[in-house]
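One structure below.
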Amino acid sequence: MKKILAIVISLVMLFAIAACGGSGTPASDPDVKEIILITDLGTIDDRSFNQGSWEGVVKYAQEKGISYEYIQPADQGDDTYLNAIDLAVSMGAKVIVTPGFLFESSVFIAQDTYPDVSFILIDAVPFNGDWENPVWKTADNTVGVLYAEEQAGFLAGYGVVKAGYTDLGFMGGMAVPAVVRFGHGYIQGAELAAQEMGLADGAITLNYYYTGVFWPLPEINTMASAWYNEGIEVIFSAGGAISDSIFPAAEQAGKFVIGVDVDQSNLSTAVITSATKGLTQSVYDKLADFFNGSFPGGQTVIYDAANLGVGLPMDTSKLGDFGQAEYDAIFARLVSGDVKVDDDIEIAPDAIPTTKVVVNNLG
Numbered sequence: 083m084k085k086i087l088a089i090v091i092s093l094v095m096l097f098a099i100a101a102c103g104g105s106g107t108p109a110s111d112p113d114v115k116e117i118i119l120i121t122d123l124g125t126i127d128d129r130s131f132n133q134g135s136w137e138g139v140v141k142y143a144q145e146k147g148i149s150y151e152y153i154q155p156a157d158q159g160d161d162t163y164l165n166a167i168d169l170a171v172s173m174g175a176k177v178i179v180t181p182g183f184l185f186e187s188s189v190f191i192a193q194d195t196y197p198d199v200s201f202i203l204i205d206a207v208p209f210n211g212d213w214e215n216p217v218w219k220t221a222d223n224t225v226g227v228l229y230a231e232e233q234a235g236f237l238a239g240y241g242v243v244k245a246g247y248t249d250l251g252f253m254g255g256m257a258v259p260a261v262v263r264f265g266h267g268y269i270q271g272a273e274l275a276a277q278e279m280g281l282a283d284g285a286i287t288l289n290y291y292y293t294g295v296f297w298p299l300p301e302i303n304t305m306a307s308a309w310y311n312e313g314i315e316v317i318f319s320a321g322g323a324i325s326d327s328i329f330p331a332a333e334q335a336g337k338f339v340i341g342v343d344v345d346q347s348n349l350s351t352a353v354i355t356s357a358t359k360g361l362t363q364s365v366y367d368k369l370a371d372f373f374n375g376s377f378p379g380g381q382t383v384i385y386d387a388a389n390l391g392v393g394l395p396m397d398t399s400k401l402g403d404f405g406q407a408e409y410d411a412i413f414a415r416l417v418s419g420d421v422k423v424d425d426d427i428e429i430a431p432d433a434i435p436t437t438k439v440v441v442n443n444l445g
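Written out as structure tokens, the structure is:
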């Protein structure tokens, strides 16, 4: 490939629980909640991963008149998540939705502990958590849902370069597989766009960094501001609430941000587009499968371009000459397989065929 890119003791205290039961709560026991979502580090209004999944729960439950609820642990860790699952089961949950890789080892245990309860594990598959003796097992009462983040990131990188931006940045949260795939796809999309445009070697530069967290920090704001001051035009914010640190920096600098997971255009005037995953739809789909008796237990389901599981929200994107027709064309090439995006997370970003990726503290 030609190189173009210059690159928180009691259950009451332990959990914050929202009273969001649906109209379908059984009259014989109003405390029973058939569908329960347990959040990871974020909240159901995190404008990202948890929110997208929660909206799928609400949409399906309200349409079908099924009782629902969420549990928000005040801390993280397998014991905390297993306690949350125990609580959900005691509340009558038939199906439990767990968004995020942090649940992979707790669901690995819980799926055997509660064989009569079904689990929808979003963005992960059940894993014993032991990398020296790894075991992956998706039981018949569990489905793992994964997304082709590399394709979403690809579309974002391709779109911003086609729109004329050449000084790019990527700030991911923790360097977990989903975040890494977003970043790698971003690089590859920018690379292909630069090739198609006939840009010279070194015409595109990309600063690349993992913050190590999924929440805002002053240090993230400081780094984003420095990048913008140094000439970066667009930063891809791929780490949930780290956007709360990056958006203000972009606004102050008059520069741009790419949102993640869901359409974040309503959060800041600086959002030029968002690399989205079909969180709401995939949760809705798997709940429908469960209640329709077609739950794909024991399987891993992948949402990608072919089943509209990733994309850019073109009705709110501000990508200039990269309009709907151009987007449809590159999207179709992903669906057909004419364009393939490498999803190998073992490759370091600066080893992806590029001219210059500046990697800061991969740690």
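Residue numbers for the sequence shown follow the numbering used here, so the first one is 83 and each next one is one higher.
C-beta: ideal position from N, C-alpha, C; glycine also.
Remember, predicted model here, so these are calculated numbers, not experimental data.
Who are the Cβ neighbours of residue 310 in its own chain at under 7 Å, not counting the five residues just before and after it? 331, 332, 335, 337
Bounding residues of the alpha helix (DSSP H) (the contiguous stretch that carries residue 292): Per DSSP, residue 292 belongs to no alpha helix (DSSP H); it is in the beta strand (DSSP E), 286-292.
Compute the Euclidean distance between the alpha carbons of residue 119 and residue 206, then round it to the nearest angstrom. 15 Å
Start and end residues, alpha helix (DSSP H) containing residue 231: 231-244
Kindly indicate which three-state DSSP category residue 63 falls into: helix, strand or coil? Residue coverage of the chain in this structure runs from 83 to 445, which leaves residue 63 outside it and unanswerable.
Using C-beta distances below 6 Å, list every residue in its chain close to residue 275, excluding the 5 sequence neighbours before and after it, in chain order. 240, 243, 244
From 415, 391, 363, pick the residue whose C-alpha is nearest to that of residue 141; which is it? 363
Can you check which of these residues, 355, 136, 250, 200, is closest to residue 375 by C-alpha distance? 200
Residue 376 - DSSP class collapsed to helix/strand/coil: coil
Alpha-carbon spacing of residue 286 relative to residue 341, whole angstroms: 20 Å
What is the DSSP secondary structure of residue 252, counted as helix, strand or coil? strand
Is the beta carbon of residue 451 sitting closer than 8 Å to the one on residue 269? Only positions 83 to 445 of the chain appear in the structure, and residue 451 is not among them; the question remains open.
Roughly how many angstroms lie between the CA atoms of residue 367 and residue 308, to the nearest whole one? 42 Å
Would a check of beta-carbon distances place residue 122 closer than 8 Å to chain D? No chain D appears in this structure, which consists of one protein chain only.
Would you check if the distance between the CB atom of residue 190 and the CB atom of residue 216 is smaller than 8 Å? no
Tell me residue 359's beta-bridge partners as DSSP assigns them. 392
Decide if the region 400-416 is in contact with the region 174-191; the criterion is three or more beta carbon pairs, one per stretch, under 8 Å apart. no
Should residue 361 and residue 131 be called a contact, given that it needs their Cβ atoms to be closer than 8 Å? yes
Can you check the region 163-218 for any alpha helix (DSSP H) of at least 4 residues that lies completely inside it and give the ranges in chain order? 186-195
Look at residue 67 and residue 253 and say whether their C-beta atoms are less than 8 Å apart. Outside the shown range of the chain (83 to 445) lies residue 67, about which nothing can therefore be said.
Buried or exposed: which applies to residue 226, given that a residue is buried once 16 or more other Cβ atoms fall within 10 Å of its Cβ? buried
Pick out whichever of 279, 212, 424 has its Cα sitting closest to the Cα of residue 246. 279
Buried or exposed, going by whether 16 or more other CB atoms sit within 10 Å of the CB of residue 213? exposed
Taking residue 271 as the reference, which of 236, 297, 161 has the closest Cα? 236
Can you list, in chain order, the residues of its chain whose CB lies under 6 Å from that of residue 251, leaving out five sequence neighbours each side? 289, 309, 314, 317
Separation of residue 151 from residue 306, as counted between CA atoms: 37 Å
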